[in-house]
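Some notes on the structure that comes next.
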Amino acid sequence: MARYLENVWYLAAWDHELQADDVLARRLLDRPVVMFRKSDGTVVALDDKCPHRFAPLSRGKRVGDALQCGYHGLTFNASGASIKNFFSDQIPPNAKVTSYPTKVLHRGVWIWFGEAGRADPALIPDLSFVEDEMLSIHRITVRANYELVTDNLMDLSHAEFVHAESFRLGGIMFNGQHSVVEEGDDIWSNWLMTDLPPPPSAPQDETVDRWLDMRWSAPAVMVQRMGIVPSGSPPRGAAPHNFSMHVITPETAASSHYFHSYFTGMPKTPEQAEPPRAFTEEDEPMLEAVQRTLGDVDFWDHKPVILNIDAASIRVRRRLAGLIAAETRVSEADRGGAPA
Amino acid sequence: MARYLENVWYLAAWDHELQADDVLARRLLDRPVVMFRKSDGTVVALDDKCPHRFAPLSRGKRVGDALQCGYHGLTFNASGASIKNFFSDQIPPNAKVTSYPTKVLHRGVWIWFGEAGRADPALIPDLSFVEDEMLSIHRITVRANYELVTDNLMDLSHAEFVHAESFRLGGIMFNGQHSVVEEGDDIWSNWLMTDLPPPPSAPQDETVDRWLDMRWSAPAVMVQRMGIVPSGSPPRGAAPHNFSMHVITPETAASSHYFHSYFTGMPKTPEQAEPPRAFTEEDEPMLEAVQRTLGDVDFWDHKPVILNIDAASIRVRRRLAGLIAAETRVSEADRGGAPA
Amino acid sequence: MARYLENVWYLAAWDHELQADDVLARRLLDRPVVMFRKSDGTVVALDDKCPHRFAPLSRGKRVGDALQCGYHGLTFNASGASIKNFFSDQIPPNAKVTSYPTKVLHRGVWIWFGEAGRADPALIPDLSFVEDEMLSIHRITVRANYELVTDNLMDLSHAEFVHAESFRLGGIMFNGQHSVVEEGDDIWSNWLMTDLPPPPSAPQDETVDRWLDMRWSAPAVMVQRMGIVPSGSPPRGAAPHNFSMHVITPETAASSHYFHSYFTGMPKTPEQAEPPRAFTEEDEPMLEAVQRTLGDVDFWDHKPVILNIDAASIRVRRRLAGLIAAETRVSEADRGGAPA
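Chains as they are written, first to last, in the numbering used here: chain E, 1 to 340; chain L, 1001 to 1340; chain U, 2001 to 2340.
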């Protein structure tokens, strides 16, 4: 069974995926979760499994600020307690489901699977730039483990091959400077390519420098920033003019929800915001092929050859493994057990 | 591996599913079975696996009162003995398959997987009412364990929710009286709803009482009776005017054959007798969703919350478990082993 | 895990399946293999799994006589060594994949999974008759273990039943003489049918003798010869006028590549050479049904009843098991372990 980091916020859905009367089922971290909105707009997230006869509660309906099971009508409030049995005044005290803290922020619905008392919304990464309506947002499901998707983002050198036709970088990353920078708990994977021919829209008599950086926050929240300046100007000094967001939430051990936002320069409705072809036709088939090759065997047990370009992705894998191990030790100590 | 009650008749097929020259393959209790008719109309049921090279015998053909394998022609009689090897006069004595007792009764083909000597047709539940041609009969395959399907029938309170749109009971069961009655080895789940508004076709100046009962016989043979009388008349005293049959035969641990007959008021051919929409669009998706939630984990290990409406279905689950355990003890004692 | 004979040539592909710039992925003996051609026309076969991030190398492209991974560009030469990392001059010494010996012969590409030093092309069975362009060649994938497919060919008595409609033998094999002949390591399964009515094209006043022989070479290379002479002439004395080839290469434990060539009397392009209907509509469904019946349980553990017609197929199964066991003993002795 895969272990996931628990005391951290996960992006569960885009805000627009959950309209007023919607009842949304989604598998997150290998758990069935059902979400609906209270009348005040806040989101309730419950285990999607009625404790009576195990019907998915998502087959039921929202009744006021509660959720009524579609099988025998047992009704649960926002805290997961059963408040109504249509056939009796008595409700067994164990007729309850787990309720998870949620927070609507940055156009998303965030969920917390760890200790409820530690679910501080201030821990949600600052993704306020996503609130700019000039950024389009979408979500795809990739049949690959979330750490494979993270690897792909923390090592953008793949763009020279996987996206050779789409991005046409033409080898500028081959001689780029790649650096890994730690910033608190976050890890940056930064590329700087200098003395490049200018793009058509720039003065043609001087070369340019480009940067392409990705910041990772646990467990799999990534922000990409790109920029271009005349050669010799301080890179990253001016505000980068292009941010995009990549947040990966595990669906199962072998599949992921990929939430993405990117600058399109005009507002788009969710229906208009299609995922870029580079995602669906280039990254996604490659990631899924790798997942099939890995099968049920752990990534490290395949004994990967480590290249220089893996510096950031390996650092991230180790950081995440360390955070999960620390949680496990604390949790076992709490139960009086010996640390693993 | 699931344990099934063995010394009991199972409904294997409707009579009309097996025409004179048909060779019918069906998985029953996780076993592959092939059925065909002898010229006298009786049904032969054999293991659907040739002992020579393991071809399904159902890929062969009926030759007289025997079944010829479609791979190399080895031919088996009604008792499962090989009677013909086209390439030699010699037939190894172990060239045989298990033959199961069968009985055609009540428009159905019944099969017995237990000790052949105990296969008394008198043990088939009396379902003679099904022989009335005003009852339509059909069969569907539900991808859910047969005990889940039984639960669904022994607790009809689900009609208020699963069938809210189809049956429009409007809450009359919320205040109904539910009782569980034992009758020999059978268990009744009985509902009585009193002082209801009259249906449009009845005198409008008096209220009515309705009953809705389900009788269970092991392993999963159920008969439903419904009736309506002026309020205060003895319920169930007059012959109920509406019977229907629900017989569930395990296909695998996670799927079931559901044989159903119900009053349609006119004769219908099998082709005309479609399953009611309430089955295929309401019960079936719910049962399959519950099965997916249960996965490979035993029902009890999910620790169901017990409500008052579960009284009959829980009684049935325990009765059936007791019958299976008793068979296991007897069978182990026969082998000289200690009881479990 | 299935054990396969390793120190033997397997037919991996038809020559025409691998054109100059093709990169062909094929699963062979449960291993992912990628094949491409060098400029001199020889074929390179590598493990289809980049050791860096486990992308299938078959998603990459041929660059000169090397194969460039489609994920991050790591490039491998014909011996499986990485010769190019676009992002560094350094290549870790463990950045390599296994390369398998190959040989193009008899219109096919042969591959060797055993000890490379023993890969002598002289060990490829003589199938030079396949080079006759009057023979059509094709390949199908059968979802059945290769030994089941071999059984089917080494016991052609099935033609009387499986192919009753296609071949219309009409029972001539029932009284045929079946003999098993060993010829070195090869095993012949030979049928002789005598005193048959003449075919329409022959003189109608005398009977004929027909033979139908199949030669097996390890692991699953079979050659079929058929002939007909006036009754009493020495059978098989004259050159048989009709050869066909059946070579089975395991894809997985439950599926096989079936390479077949047969006399069509005219040259056909690969696109024109469709598999005979008797294969795809008669043999294949039967073999796949048997495989489904066997499931994951070993053939022998199903305790097959042995008939006279099984003489050759059983001899072949035992010969092959002996060869595999001998390889295992040698390999364990090499490692200093005790023989199994």
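Glycine included, every Cβ here is placed at the ideal spot set by N, Cα and C.
Quick caveat: nothing in here was measured; it's all calculated off a predicted structure.
Exercise. Would you mind giving the Cβ-Cβ distance between V162(E) and G2041(U), rounded to the nearest angstrom? I have them listed as a contact below 8 angstroms.
Key: Actually they do not touch by this definition, with Cβ atoms about 30 angstroms apart.
Quiz prompt | Chain-ordered chain U contacts of Y1100(L) [CB-CB under 7 angstroms] | solution = In chain order: nothing, as chain U lies at least about 18 angstroms away.
Quiz item: For D1151(L), is the classification buried or exposed, using 16 other Cβ atoms within 10 angstroms of its Cβ as the cut-off for buried?
Solution: buried
Quiz prompt | Coil, strand or helix - M2134(U) by DSSP | solution = coil
Self-check item: Cβ-Cβ distance between W2110(U) and Y2010(U) below 8 angstroms
Solution: Going by beta carbons, W2110(U) and Y2010(U) fall inside the 8 angstroms limit.
Exercise. Find the nearest neighbour of H1257(L) within the set A1273(L), E1282(L), M1286(L) and V1221(L), judged by alpha-carbon distance.
Key: V1221(L)
Quiz item: Considering only residues of the same chain and omitting the five flanking positions on each side of A2254(U), which have a CB-CB separation below 8 angstroms?
Solution: R2143, A2144, N2145 and Q2291
Quiz item: For the alpha helix (DSSP H) that contains E1006(L), what are its first and last residues?
Solution: Segment: none, E1006(L) is in no alpha helix (DSSP H) and carries neither H nor E.
Exercise. Report, in whole angstroms, the separation of the C-beta atoms of E2206(U) and S2233(U), which I expect to be a contact under 8 angstroms.
Key: With a Cβ gap of about 10 angstroms, E2206(U) and S2233(U) do not count as contacting.
Exercise. Show which residues of chain L have a CB atom less than 8 angstroms away from the CB atom of A2289(U).
Key: A1055, P1056 and R1059
Self-check item: Delimiting residues of the alpha helix (DSSP H) encompassing Y1146(L)
Solution: Y1146 to M1154
Quiz item: Can you name the residues of chain E whose CB is closer than 7 angstroms to the CB of M1302(L)?
Solution: Reading off the sequence, residue 1302(L) comes out as His, not Met. Under the 7 angstroms cutoff, chain E gives F54.
Quiz item: Which of the three DSSP states, helix, strand or coil, is assigned to S2082(U)?
Solution: strand
Practice problem: Sort out for me which residues DSSP pairs M2214(U) with in a bridge. | Solution: S2189(U) and Q2224(U)
Quiz item: What is the residue span of the alpha helix (DSSP H) that E342(E) lies within?
Solution: Only positions 1 to 340 of chain E appear in this structure, which leaves residue 342(E) out of reach.
Quiz prompt | Which listed residue (V1330(L), S1313(L), V1043(L) and G1080(L)) has its alpha carbon closest to that of E1182(L) | solution = S1313(L)
Quiz item: According to DSSP, which residues form a beta bridge with D1209(L)?
Solution: Bridge partners of D1209(L): V1229(L).
Quiz item: In its own chain, which residues sit with a C-beta less than 6 angstroms from the C-beta of A1081(L), not counting the 5 before and 5 after it?
Solution: K1096
Practice problem: Look up H2257(U) in the DSSP assignment and say whether it is helix, strand or coil. | Solution: strand
Exercise. Taking A2122(U) as the reference, give the member of S2039(U), T2280(U), K2103(U) and D2048(U) with the closest Cα.
Key: K2103(U)
Self-check item: Min CB distance A81(E) to chain L below 8 angstroms
Solution: So, not an interface residue.
Quiz item: Taking 8 angstroms as the CB-CB cut-off, is M2154(U) touching chain L?
Solution: no
Quiz item: Across which residues does DSSP place M1245(L) in a beta bridge pair?
Solution: Per the DSSP secondary-structure output, M1245(L) pairs in a beta bridge with V1223(L) and S1261(L).
Self-check item: Environment of N308(E) [buried if 16+ CB atoms lie within 10 Å]
Solution: exposed
Practice problem: Rounded to whole angstroms, what's the CA-CA distance from R59(E) to P1250(L)? Just pull it up for me. | Solution: Note on geometry: alpha-carbon atoms of R59(E) and P1250(L) lie some 25 angstroms from one another.
Exercise. Below 9 angstroms between beta carbons is the criterion; list the residues of the stretch 2064-2091 of chain U that meet it against any residue of chain E, in chain order.
Key: Q2068, C2069, G2070, Y2071, H2072, G2073, L2074, S2082, N2085, F2086, F2087, S2088, Q2090 and I2091
Practice problem: Determine the burial state of A326(E): buried for a count of at least 16 other Cβ atoms within 10 Å of its Cβ, exposed for fewer. | Solution: exposed
Self-check item: Residues that L1169(L) contacts on chain E, provided the C-beta gap is smaller than 7 angstroms
Solution: Going along chain E, no residue has its Cβ under 7 angstroms from L1169(L), so there is no contact; the nearest lies around 11 angstroms.
Quiz item: Opposite L1067(L) in the DSSP bridges: which residues?
Solution: L1067(L) is bridged to R1062(L) and F1076(L).
Quiz item: Ends of the alpha helix (DSSP H) at A2333(U)?
Solution: A2311 to D2334
Quiz item: Is the shortest distance between the beta-carbon of E1160(L) and the beta-carbons of chain E less than 8 angstroms?
Solution: Chain E, which has a Cβ nearer than 8 angstroms to the Cβ of E1160(L), makes this yes.
Quiz item: So with Cβ pairs under 8 angstroms, would you call P2095(U) a contact of chain E?
Solution: According to the sequence shown, residue 2095(U) is Ala rather than Pro. Closer than 8 angstroms: yes.
Exercise. Report the rounded CA-to-CA distance for M1193(L) versus H1178(L), giving the unit in angstroms.
Key: Approximately 9 angstroms between the Cα atoms of the pair.
Practice problem: Go through its chain and collect everything with a Cβ distance to H16(E)'s Cβ below 6 angstroms, but skip five positions before and after it. | Solution: Once the five neighbours on either side are set aside, the close Cβ partners of H16(E) are P270.
Quiz item: E6(E) to H1302(L), Cα distance in whole Å?
Solution: 23 angstroms
Quiz item: Which residues in chain L sit within 9 angstroms of N2308(U), going by Cβ to Cβ distance?
Solution: N1085, F1087, S1088 and Q1090
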